[in-house]
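Same order as they appear, the protein sequences are chains A and B.
According to the UniProt record's numbering, the residues represented by the first sequence are 1 to 136, in order.
According to the UniProt record's numbering, the residues represented by the second sequence are 1 to 136, in order.
The next block holds one structure in the form of structure tokens; read it before the comments.
Number of protein chains: 2
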Amino acid sequence: MRIGELAERAGTTTRTLRYYEARGLLPVRRAENGYRSYDEGDLRLLQQIRTLQDFGFDLEETRPFVDCLRAGHPAGDSCPASLAVYRRKLDELDALIGQLTSVRAEVGAQLARAELEASAGLPGGPAPRCELGGQP
Amino acid sequence: MRIGELAERAGTTTRTLRYYEARGLLPVRRAENGYRSYDEGDLRLLQQIRTLQDFGFDLEETRPFVDCLRAGHPAGDSCPASLAVYRRKLDELDALIGQLTSVRAEVGAQLARAELEASAGLPGGPAPRCELGGQP
DNA sequence: GTATTCCTTGACGCCGACGTCAACGCAAGG
DNA sequence: CCTTGCGTTGACGTCGGCGTCAAGGAATAC
Chain A
1 MRIGELAERA
11 GTTTRTLRYY
21 EARGLLPVRR
31 AENGYRSYDE
41 GDLRLLQQIR
51 TLQDFGFDLE
61 ETRPFVDCLR
71 AGHPAGDSCP
81 ASLAVYRRKL
91 DELDALIGQL
101 TSVRAEVGAQ
111 LARAELEASA
121 GLPGGPAPRC
131 ELGGQP
Chain B
1 MRIGELAERA
11 GTTTRTLRYY
21 EARGLLPVRR
31 AENGYRSYDE
41 GDLRLLQQIR
51 TLQDFGFDLE
61 ETRPFVDCLR
71 AGHPAGDSCP
81 ASLAVYRRKL
91 DELDALIGQL
101 TSVRAEVGAQ
111 LARAELEASA
121 GLPGGPAPRC
131 ELGGQP
């Protein structure tokens, strides 16, 4: 299988495959004419990478999974190094979700306060506060 | 006040201030010798920007707040355009938190499954699955 | 005077994961 | 033979928010 076919079957681009190869993530043998030659195993590696990428994993974080698969194991996460990446990612996600949730609360509070102050000045009040941002 | 002092008082760098100026976010008058000259109002603008940046707002998203303050309003969020940004950001945050939460659940499930499969092969089982990732 | 520290502009570097061109080679169909 | 459509390498562009020089001018300290 050549690069274009693999890219299409994996739902990605040739540029991406060459990029992975350059990063040492997806080495590949060549046909006699110099063309890259992939097999079904490479497709599985790629699917593993893509799945993790969709989860927000960095490329480097997918490496243990790929190595694990290439070592002949049934799944990319059959190796301890992969499990370690899972755990680190869970911690990261928890931290990030926590931060975002906290920010969300603060922004929500600011919005509520600002809306309150705006409406306090409106109904028969002294003067309109601001005209900026209206539709001209 | 010159650029170094403002940067220090705002807890940022001169490079950042010049960057804001280049983006048209923080225009500034010059002293006779060509030095940038800031006042207390500029410090308030900067604090507004920094606060929003800490919340994860893009620079462009802080612009309505800055414009609002410079228009003489008591707070950066006294203007409808600022409130609109608040609301958009809340939506973004909700969407992002939702995605991350979903990803977290999926990764957690993958980890649990992988751990289960690993331990299933271990205690008196047929063979260890993988050696990759251990400490050599 | 001179040493130091501030200020000025300009311009390149960084990060990640590629996109997008350029300029060429190789293969197959008509 | 020519065209079309693959493939190849190389190299620069993207995005945001600055960091980090470099080469000079200005103000203050001694």
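Beta carbons are placed, not taken as given, at the ideal position from N, Cα and C, and that holds for glycine.
Just so you know, these numbers come straight off a predicted model, no measurement behind them.
Is residue i helix, strand or coil by DSSP?
i                          : result
serine 102 (chain A)       : helix
proline 128 (chain A)      : Low local confidence applies: a pLDDT of 45 at proline 128 (chain A) is under 50, so the model's placement there is unreliable, and no value is given.
arginine 87 (chain A)      : helix
serine 78 (chain B)        : coil
arginine 23 (chain A)      : coil
arginine 2 (chain A)       : coil
glycine 133 (chain A)      : Reliability fails at glycine 133 (chain A), whose pLDDT of 44 lies under 50, so the model's placement of it is uncertain and the value that follows must be treated cautiously. Correct three-state label for glycine 133 (chain A): coil.
phenylalanine 55 (chain A) : coil
serine 119 (chain A)       : helix
glycine 108 (chain A)      : helix
Would you mind giving the Cβ-Cβ distance between residue i and residue j, rounded to the nearest angstrom? I have them listed as a contact below 8 Å.
i                          : j                       : result
phenylalanine 55 (chain B) : glutamate 106 (chain A) : 7 Å
arginine 36 (chain B)      : arginine 30 (chain B)   : 6 Å
When burial is assigned at 16 or more other CB atoms within 10 Å of the CB, is residue i buried or exposed?
i                      : result
aspartate 39 (chain B) : exposed
alanine 127 (chain B)  : Model confidence at alanine 127 (chain B) stands at a pLDDT of 43, short of 50, so the residue's coordinates are unreliable and nothing is read from them.
leucine 93 (chain B)   : buried
glycine 124 (chain A)  : Residue confidence for glycine 124 (chain A) is low, a pLDDT of 44 falling below 50, so the modelled location carries little weight; the figure read from the coordinates is stated next. Exposed, because fewer than 16 other Cβ atoms sit within 10 Å of the Cβ of glycine 124 (chain A).
leucine 116 (chain B)  : exposed
aspartate 91 (chain B) : exposed
arginine 63 (chain A)  : buried
aspartate 42 (chain B) : buried
Residue i and residue j: beta carbons closer than 9 Å?
i                      : j                          : result
leucine 100 (chain A)  : leucine 96 (chain B)       : yes
leucine 83 (chain A)   : alanine 114 (chain B)      : yes
leucine 46 (chain B)   : alanine 10 (chain B)       : yes
glutamate 60 (chain B) : arginine 88 (chain B)      : no
arginine 44 (chain A)  : leucine 69 (chain A)       : yes
leucine 25 (chain A)   : isoleucine 3 (chain A)     : no
arginine 50 (chain A)  : threonine 12 (chain A)     : yes
valine 28 (chain A)    : phenylalanine 57 (chain A) : no
For the region 73-83 of chain A against the region 106-120 of chain A, are there 3 or more C-beta pairs whose distance is under 8 Å?
no
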